[in-house]
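Asker: Pasting a structure below so you can have a look.
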Amino acid sequence: DVKVTQSSRYLVKRTGEKVFLECVQDMDHENMFWYRQDPGLGLRLIYFSYDVKMKEKGDIPEGYSVSREKKERFSLILESASTNQTSMYLCASQLIGGDYGYTFGSGTRLTVV
Amino acid sequence: GENVEQHPSTLSVQEGDSAVIKCTYSDSASNYFPWYKQELGKGPQLIIDIRSNVGEKKDQRIAVTLNKTAKHFSLHITETQPEDSAVYFCAASMRGGSEKLVFGKGMKLTVNP
């Protein structure tokens, strides 16, 4: 089975801190995605990547950046965490081709205080 | 771009009843429609998908139907069980174009014993 592993299940950070959320997949998928999930708002795409060192903005990229130095790893960076970034963050990977579903990680619940 | 709407946002049924979740999409070029189930504290998991060359697909107690003319697709769950309680997301994407999935906002299903 494809596995997408997010490094932390729960994270508490202070306002202004730089925060790294790590995601690793083990099935050589080309595409990787970061979403945030908030009640009533569903899944909103932050950034995605089609290949190593490639990144594209999603619908809500402000306040975030990403890094993909290796194919299996996709990192989400909060440059200066703010309370409105308190959320559930979900990473997903996808086999290239467009008609394959995503495989999601278990999520990281981030609280910024 | 594609827009996916999902309704209802919540549904409560008695164990053994059927449940139907409906989604509409806006882009007639979309041709891949997956459904995800998210249990409490977990990431979404793909449960069934359908491609535009098929009108219906079944897998045990779940089925998905697609009406390309009306641009809507539905998830049907028969003989519901308490373990079906979860949030269900529909999504759409277009093979050969952007491979990103566009998600509906999700529906919380509660199956009462």
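Protein chains in written order, with our numbering: chain A, 1 to 113; chain B, 114 to 226. Cβ coordinates follow ideal geometry from the N, Cα and C atoms, glycine included.
Classify Leu-31 of chain A: buried if its beta carbon has 16 or more other beta carbons within 10 angstroms, exposed otherwise.
Answerer: Position check: residue 31 of chain A holds Asn in this sequence, whereas Leu was assumed. Result: buried.
Asker: Answer with yes or no whether the minimum CB distance from Gly-168 of chain B to chain A is below 8 Å.
Answerer: Closer than 8 Å: no.
Asker: In chain order, what residues of the same chain have a beta carbon less than 6 Å from the beta carbon of Thr-191 of chain B, not counting five sequence neighbours either side?
Answerer: Once the five neighbours on either side are set aside, the close Cβ partners of Thr-191 of chain B are Ser-131 and Arg-174.
Asker: If I measure Cβ to Cβ from Gln-151 of chain B and keep anything under 8 Å in the same chain, skipping five residues before and after, which residues do I get?
Answerer: Here the set comprises Pro-157, Gln-158, Ala-199, Val-200, Tyr-201, Phe-202 and Gly-219.
Asker: Gln-25 of chain A and Gly-107 of chain A - do their beta-carbons sit closer together than 8 Å?
Answerer: No, the pair does not count as a contact, with Cβ atoms beyond the cut-off.
Asker: Starting from the Cα of Tyr-35 of chain A, find the closest Cα among A:Leu-90, A:Glu-56 and A:Val-113 and give me that residue.
Answerer: It is A:Leu-90 whose Cα lies nearest to the Cα of Tyr-35 of chain A.
Asker: Rounded to the nearest angstrom, how far is the Cβ of Leu-214 of chain B from that of Ile-134 of chain B, given a contact under 8 Å?
Answerer: Actually they are not in contact, since the Cβ atoms of Leu-214 of chain B and Ile-134 of chain B sit about 16 Å apart, beyond 8 Å.
Asker: Confirm the yes/no value for this check: CB of Ser-80 of chain A, any heavy atom of the ligand GTP, distance under 7 Å.
Answerer: This structure lacks the ligand GTP; in fact it carries no ligand of any kind.
Asker: What distance in whole Å lies between the Cβ atoms of Gly-58 of chain A and Leu-45 of chain A, which are believed to be in contact at a cut-off of 8 Å?
Answerer: So it is a contact: roughly 3 Å between Cβ atoms.
Asker: Among the residues of its own chain, which have a CB less than 8 Å from the CB of Asp-38 of chain A, if the five just before and after it don't count?
Answerer: So the qualifying residues of the chain are Arg-44, Ser-87 and Met-88.
Asker: Taking the beta strand (DSSP E) that Gly-42 of chain A belongs to, which residues open and close that run?
Answerer: It spans 42-49 - the beta strand (DSSP E) in which Gly-42 of chain A sits, taken as one unbroken run.
Asker: What does the alpha-carbon distance come out to for the pair Glu-169 of chain B and Phe-186 of chain B?
Answerer: Glu-169 of chain B and Phe-186 of chain B: Cα-Cα distance of roughly 9 Å.
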